[in-house]
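Step one of this worksheet: look at the structure below.
In our numbering, the protein residues as written are 323 to 419.
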């Protein structure tokens with residue numbers, strides 16, 4: 323039998339988290355570069371710029387992790403019949419309602 327598995331792709335949670343972190347990183351980096359840095363509130367550092375760069379790095383790391391080690395999803399999964407912890411399906415009432 324041939325292995326017919328494919329990767330989770332965009333639906334991999336690491337991709338979604340990485341994209342969200344990267345988007346926030348871009349926004350904060352742009353705010354750090356072009357907005358008032360307000361260094362008197364942060365002790366002399368540009369907090370938006372530093373946080374944005376860290377978020378970009380972590381988001382890129384998540385995306386690279388998902389690309390380099392993709393989750394393989396089988397095309398067909400056999401139904402589980404012997405799992406005692408799985409709840410039984412509810413019966414429909416007779417009479418068609």
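Glycine included, every Cβ here is placed at the ideal spot set by N, Cα and C.
As the structure is a prediction and not an experimental result, all values here were calculated from the model.
Of 335, 358, 343, 389, the smallest CA-CA separation from residue 373 is found for 343.
Taking the C-beta atoms as reference points, residue 328 is found nearer than 7 Å to residue 395.
In summary, residue 386 is exposed, with fewer than 16 beta-carbon neighbours lying within 10 Å of its beta-carbon over all protein chains present. In this structure, residue 371 keeps its C-beta atom at 7 Å or more from the C-beta atom of residue 383. If you check the CB distance, residue 351 and residue 388 do not come in under 7 Å.
Taking all protein chains in view, the Cβ of residue 390 is surrounded by fewer than 16 other Cβ atoms within 10 Å, so the residue is classified as exposed. In the structure shown, the three-state DSSP call for residue 380 is helix.
Residues 377 of the same chain have their beta carbon placed closer than 6 Å to that of residue 346, with the five preceding and five following residues left out of the count.
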